[in-house]
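2 protein chains.
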Amino acid sequence: MNPYITGLKCTKCHQIYKINEVKTTCPHCQDEGILDVLYDYKTLKEFFNKPYLDTLQDKTMFRYKLLLPIDDTHISEMLSIGGTPLYSSNHLHHLLKIKQLYIKDDGQNPSGSLKDRASAIAVLRAIEEGHHTVSCSSTGNAASSLAAQAARIGLKSYIFVPKRAPVGKLSQLLIYGAHVISVDGDYNETYHLSKLAIEHFGWYNRNAAINPYLVEGKKTVALEIAEQLHFNPTDWVIVSVGDGCTIAGVYKGFYDLKQLGLISKIPKLLGVQSDGCNPLVKAFESNQSLKPVEENSLADSISVGVPRNPIKALYAIKHSEGFMIDVSDEKILEAMTLMGKHEGIFSEPAAAAALAGLIKAIDLKIIKHDQSVTIINTGNGLKDPKNAQLATKPPLLMKPDLNELIKHIEQKGDQ
Amino acid sequence: MNPYITGLKCTKCHQIYKINEVKTTCPHCQDEGILDVLYDYKTLKEFFNKPYLDTLQDKTMFRYKLLLPIDDTHISEMLSIGGTPLYSSNHLHHLLKIKQLYIKDDGQNPSGSLKDRASAIAVLRAIEEGHHTVSCSSTGNAASSLAAQAARIGLKSYIFVPKRAPVGKLSQLLIYGAHVISVDGDYNETYHLSKLAIEHFGWYNRNAAINPYLVEGKKTVALEIAEQLHFNPTDWVIVSVGDGCTIAGVYKGFYDLKQLGLISKIPKLLGVQSDGCNPLVKAFESNQSLKPVEENSLADSISVGVPRNPIKALYAIKHSEGFMIDVSDEKILEAMTLMGKHEGIFSEPAAAAALAGLIKAIDLKIIKHDQSVTIINTGNGLKDPKNAQLATKPPLLMKPDLNELIKHIEQKGDQ
Chain A
1 MNPYITGLKC
11 TKCHQIYKIN
21 EVKTTCPHCQ
31 DEGILDVLYD
41 YKTLKEFFNK
51 PYLDTLQDKT
61 MFRYKLLLPI
71 DDTHISEMLS
81 IGGTPLYSSN
91 HLHHLLKIKQ
101 LYIKDDGQNP
111 SGSLKDRASA
121 IAVLRAIEEG
131 HHTVSCSSTG
141 NAASSLAAQA
151 ARIGLKSYIF
161 VPKRAPVGKL
171 SQLLIYGAHV
181 ISVDGDYNET
191 YHLSKLAIEH
201 FGWYNRNAAI
211 NPYLVEGKKT
221 VALEIAEQLH
231 FNPTDWVIVS
241 VGDGCTIAGV
251 YKGFYDLKQL
261 GLISKIPKLL
271 GVQSDGCNPL
281 VKAFESNQSL
291 KPVEENSLAD
301 SISVGVPRNP
311 IKALYAIKHS
321 EGFMIDVSDE
331 KILEAMTLMG
341 KHEGIFSEPA
351 AAAALAGLIK
361 AIDLKIIKHD
371 QSVTIINTGN
381 GLKDPKNAQL
391 ATKPPLLMKP
401 DLNELIKHIE
411 QKGDQ
Chain B
1001 MNPYITGLKC
1011 TKCHQIYKIN
1021 EVKTTCPHCQ
1031 DEGILDVLYD
1041 YKTLKEFFNK
1051 PYLDTLQDKT
1061 MFRYKLLLPI
1071 DDTHISEMLS
1081 IGGTPLYSSN
1091 HLHHLLKIKQ
1101 LYIKDDGQNP
1111 SGSLKDRASA
1121 IAVLRAIEEG
1131 HHTVSCSSTG
1141 NAASSLAAQA
1151 ARIGLKSYIF
1161 VPKRAPVGKL
1171 SQLLIYGAHV
1181 ISVDGDYNET
1191 YHLSKLAIEH
1201 FGWYNRNAAI
1211 NPYLVEGKKT
1221 VALEIAEQLH
1231 FNPTDWVIVS
1241 VGDGCTIAGV
1251 YKGFYDLKQL
1261 GLISKIPKLL
1271 GVQSDGCNPL
1281 VKAFESNQSL
1291 KPVEENSLAD
1301 SISVGVPRNP
1311 IKALYAIKHS
1321 EGFMIDVSDE
1331 KILEAMTLMG
1341 KHEGIFSEPA
1351 AAAALAGLIK
1361 AIDLKIIKHD
1371 QSVTIINTGN
1381 GLKDPKNAQL
1391 ATKPPLLMKP
1401 DLNELIKHIE
1411 QKGDQ
C-alpha cells in the first residue's frame, strides 16, 4: 500500500480508521458510512510538484501512483488506462457562444469508459489483499471494465447480471472470459445474490460505493485534466451522475491538487442527470435527503434510482460551489449528434448528458458566456449503437443513378 | 506539403513524377499504377534520429510529421490519433510458447481502428488541396474514421454504402454527421456511383488504394512499434490483410526507418487472410498474379475479393522475407476469445485474424518458438458485437439462490 496514505475517514460520522482496520464501509454507519482515503499532503507537498511530474515517463493514470491506494508491483502489467486526450473544442464553443470548451475523452480507455480507472484500482487492491477472484453486479461499464482488467492481470471475475441484460453488453463480458451469472430475477435480486456469493467465497468486492478505493481511481481523470491545462483548470467541469462515485472522484482529484498547492481553486462541478431518473437533482434542489425514484432513462449508465454515494456526490457539488441539473432523454440524444457532428466524438448517452447539461446551464445562465468549461466524455458511443440509431435519421436510399444524385444534392444546396 | 518529399513513383512502371504533377494513380498504368511517396532520406538522416525524437512532446502519429505528406498547419485541431499502446503480452506468449509477444492495440484510436491514421492524412490533404468535402465508398472502418476526422476538422463528408450495410455500422457514420448515401444496388454499383459523384462534384477521394498518401498515414503504426521497442523491433510483425494497403503501410514505416539508419533490419511481415476470402494468399502461394475470389468471411474488414493494392502488399511480404497465411473463420472467433480472456483486449474479427495467423504459423513452424512477435490489433471489438456473441457461449442462467450457485461453482471447481 502507498505509504503516504494515513487512514480512512467515514463521510457520515467522521470517525477516522487506520488502513487495514476496516475493509469497506464504516462499522458504525454501515452501508451509509462510505469511507474517504486520507493522504499525508504535508509530506507529499515537499516534492509532488510540476518539476516532479515533468520527470515522469508514464502517461497513464499510474503517473499519479503516489496519490493512489496501491503499491506499484503490478503497474507494468496493466492495460493503458487514463492518459486520455483532452480536446480543445474546434466548433462547439462557437456554437454555444462560450469562451472555451474542452472535452476529456475517456471513451478512449481500453474497455471504452472512465470506469477502467476504478476497475484498475480494484484488481490491484485485490492482488495486494491476496484475492484470486474479483466480482461485481452490473451489466454496464463497471462490469466490462472489471472483466477486462481482471483478464489482463490474470484474476478470475464473476459478474452478476439480471436476466434482462442486453446480449450486446454481455458479449463484451464473455469475450473477456468473465464468469457471467445471469440471474432469473430483477436487479435487486441480482445484487443480493452477488453480495451473498462474495461473502461466501471471499471474493474481492467491486460493487462501487462501498469500496473506499474506487473513487481514488476515478479521481485521476481530474488530475489529468488539471495537468493537461497546466494546472489552470476551467471555471466549470461537467460530468453526468449515476450513483455519484464519478463526480465524487472528480472532486477528490481537484481537492488533492489544491491541498498540494498545485491549483488555487477547485472548479465548479456541474452534475447532470436525466429527468427520467434524477434523485440527486431532487435532493440538491430540495436540500433534503435522497428519495428513491424510478429508472426511466435511455442513458443506462446514469439510470440509478437509488444512488449509493449521495453524501460524497452532494458534498462535491456543494464544496465546489457547483450545481445539479437534469435534462430530457431527447436532449441527450441531440447532444450525441452535436458531439459527433461538430467534434468527431462518439459518446454514449450517459456521456452526452454532460453536453446536454452544459447547453441547459447556459440557457439558465448558471454558466456564463465568459466562462471556460470542461466536459467529461465518460463512455464510448460504440457501447450503445442502438441509441445512436435513435438519435439519427436513417440514410437516404437512392438508385445507383448519378443524375438523380446530382439533382438531390443540388436541391439540398449541400455539396 | 512536407519539403522532404521528393516525388511519387509508380509501383508498376517505376516512372517518377513530381508532387502535384499527378493526383492519384500513374497516368500510364491507370488504376494498377499505384504511386509510392519518395522522401529525401539523405537530408532527413542528418537529424531525424533518437535524440530528435526524444525532444518531441507530441505522442500522436503527428510526431512523425516530417515523414508524412502534409504540412503542419492543422495538426493541432486533429483528434488524438496514434500513440496507441504496445502491450507486452502477460499470458499469451506462455500459452503459445514463444519468446516474446507484443500487441499493438490500434483499437484505442478515436473511431476505434487503425484506419484513423489514413483518414487523418486524407482530411489534411483535402484541406491543403482546397477541398471542402471528402468522400469514400465503404461501410467499414475507413468510412467511420473518415466521417469522424471530417467532423472534427470541419469538412463535409459523403459516404456511399450498399443498401445491405448493417444499421449498427451506419449509426457511427450518422452520429458523425456524414451525408450517407445508401445505394439500392450491390457494392460494385455503390463504388461506381461514388466514383462518378466524386468526379462530378470534385470532392476529395479517400477510396484507399488509388490515393498514394493514405499508406503514409498507416505506416505510422510501424514507426510507433519500432520507437516503442527502442528501435529493436521483433523478428515478426503480424497484420491481417484486406485490400493490402495496411500491410503496405507497415512495410513502408519500417523501410523509412531502415533508410534513416534507425533500425538495422525490416521485421518479417506475416499477412493473414480468412480462408473464406484469400486472394492474396493464393497469389503469394502460386507466385502468380491476383485472381478475384468470393467474399465468404465474417471478418468483414478483410473480406475483399478484389484487393486494390496487391502489388504493394506482395512487395511488402517478399522484401521483408515474410509470409502469407490464411485461417478459418472458426479460428478467428477462437482468437477473439483468447485475446479477450488472456490479455483483456477486445478485437474485431479482422483484428483477431492476426492472432489466429500467429497460432497457425507456429504450428507450421514458419514462426519459431525462439522468435519475437508483434501482433497489430487493427480494430476494436465493440465495432462488431454480433460476432463477439458468435464467439462466446451464452451465460449461465440461475435462480437467485445462493445454495444453487455454491453447488454449481463447487462442482465446476472454479472459484
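Chains A and B, in that order, are what the protein sequence lines are.
First residue of the first sequence: 1, per this note's numbering; consecutive thereafter.
First residue of the second sequence: 1001, per this note's numbering; consecutive thereafter.
The C-beta atom is built at its ideal place from N, Cα and C for all residues, glycine as well.
For clarity, every value in this text was computed on a predicted model and none was experimentally measured.
Residue closest to residue i, alpha-carbon to alpha-carbon, out of the options
| i | options | result |
| --- | --- | --- |
| B:Asp1186 | B:Val1161, B:Arg1206, B:Ala1178, B:Asn1205 | B:Val1161 |
| B:Lys1218 | B:Leu1193, B:Gly1249, B:Glu1224 | B:Gly1249 |
| A:Lys291 | A:Ser297, A:Asn309, A:Leu298 | A:Asn309 |
| B:Cys1029 | B:Asp1040, B:Lys1009, B:Ile1019 | B:Lys1009 |
| A:Leu155 | B:Thr1378, B:His1342, B:Asp1058 | B:His1342 |
| B:Asn1109 | B:Asn1387, B:Phe1201, B:Ala1148 | B:Ala1148 |
| B:Lys1268 | B:Leu1298, B:Gly1242, B:Met1324, B:Ser1286 | B:Met1324 |
| B:Lys1244 | B:Lys1163, B:Tyr1315, B:Tyr1041 | The question names Lys, but residue 1244 of chain B is Gly in the sequence shown. Of B:Lys1163, B:Tyr1315, B:Tyr1041, the residue nearest in Cα terms is B:Tyr1315. |
| B:Lys1163 | B:Thr1139, B:Ile1153, B:Tyr1176 | B:Thr1139 |
| A:Cys13 | A:Gly82, A:Asn20, A:Asp36 | A:Asp36 |
| A:Val281 | A:Lys252, A:Ser264, A:Leu262, A:Ala313 | A:Ala313 |
| A:Asp275 | A:Ile302, A:Ser286, A:Lys258 | A:Ile302 |
Distance between residue j and residue i (C-alpha atoms, nearest Å)
| i | j | result |
| --- | --- | --- |
| B:Ile1311 | B:Thr1392 | 37 Å |
| A:Asp235 | A:Asp256 | 17 Å |
| A:Ala197 | B:Asp1300 | 41 Å |
| B:Ile1016 | B:Gly1033 | 11 Å |
| A:Met398 | B:His1192 | 13 Å |
| B:Gln1411 | A:Ser135 | 19 Å |
| B:Cys1026 | B:Phe1346 | 40 Å |
| A:Ile70 | A:Ala122 | 10 Å |
| A:Gly344 | A:Thr6 | 43 Å |
| B:Tyr1039 | B:Pro1233 | 22 Å |
| B:Lys1045 | B:Leu1066 | 11 Å |
| A:Lys169 | B:Leu1298 | 20 Å |
| A:Ser80 | B:Ala1354 | 21 Å |
| A:Glu224 | A:Gly322 | 20 Å |
| B:Asp1370 | A:Leu358 | 56 Å |
| A:Ser137 | A:Val180 | 10 Å |
Reduced DSSP secondary structure (H/G/I, E/B, other) of residue i
| i | result |
| --- | --- |
| A:Gln271 | Here residue 271 of chain A turns out to be Gly, not Gln, going by the sequence shown. A:Gly271 falls in the strand class under three-state DSSP. |
| A:Asp256 | helix |
| B:Thr1246 | helix |
| B:Asn1020 | coil |
| B:Ile1263 | coil |
| A:Lys9 | strand |
| B:Leu1101 | strand |
| B:Ser1119 | helix |
| B:Ser942 | The structure shown has nothing for residue 942 of chain B, since chain B only spans 1001 to 1415. |
| A:Ile366 | coil |
| B:Ile1359 | helix |
| B:Ile1325 | strand |
Alpha helix (DSSP H) segment containing residue i, residue limits
| i | result |
| --- | --- |
| A:Leu390 | 385–391 |
| B:Asn1403 | 1402–1412 |
| B:Gly1112 | It is not in any alpha helix (DSSP H) - B:Gly1112 carries neither H nor E in the DSSP assignment. |
| B:Ser1088 | Note, B:Ser1088: premise wrong, no alpha helix (DSSP H); beta strand (DSSP E) at 1086–1088. |
| B:Val1281 | 1279–1286 |
| B:Met1339 | 1329–1343 |
| B:Ala1299 | Unbroken run through B:Ala1299: none, as it is neither H nor E. |
| A:His319 | 310–319 |
| A:Leu79 | Taken as a continuous stretch (DSSP letters only), A:Leu79 belongs to no alpha helix (DSSP H), as it is neither H nor E. |
| A:Asp94 | Going by the sequence as given, residue 94 of chain A is His instead of Asp. Residues 92–96. |
Any non-hydrogen atom of the ligand SAM within 6 Å of residue i CB
| i | result |
| --- | --- |
| B:Gly1168 | The ligand SAM is not among the ligands present in this structure, which contains no ligands whatsoever. |
The beta strand (DSSP E) enclosing residue i, as first and last residue numbers
| i | result |
| --- | --- |
| A:Met398 | 396–398 |
| A:Ile375 | 372–377 |
| A:Ile238 | 236–240 |
| B:Cys1138 | Reading the sequence as shown, one finds Ser at residue 1138 of chain B and not Cys. Per DSSP, B:Ser1138 belongs to no beta strand (DSSP E) and is neither H nor E. |
inquiry  = Give me the subset of the stretch 1181–1197 of chain B whose CB atoms are less than 8 Å from a CB atom of chain C, sorted by chain position.
reply    = Protein chains A and B are contained in the structure displayed, whereas chain C is not.
inquiry  = For a minimum of 4 consecutive residues, which ranges assigned as the alpha helix (DSSP H) are wholly contained in the stretch 152–227 of chain A?
reply    = Complete alpha helix (DSSP H) runs here, min 4: 167–175, 187–201, 214–218.
task = Go through the stretch 24–61 of chain A residue by residue and report every complete run of the alpha helix (DSSP H) that reaches 4 residues or more, in order.
result = 41–45, 50–54
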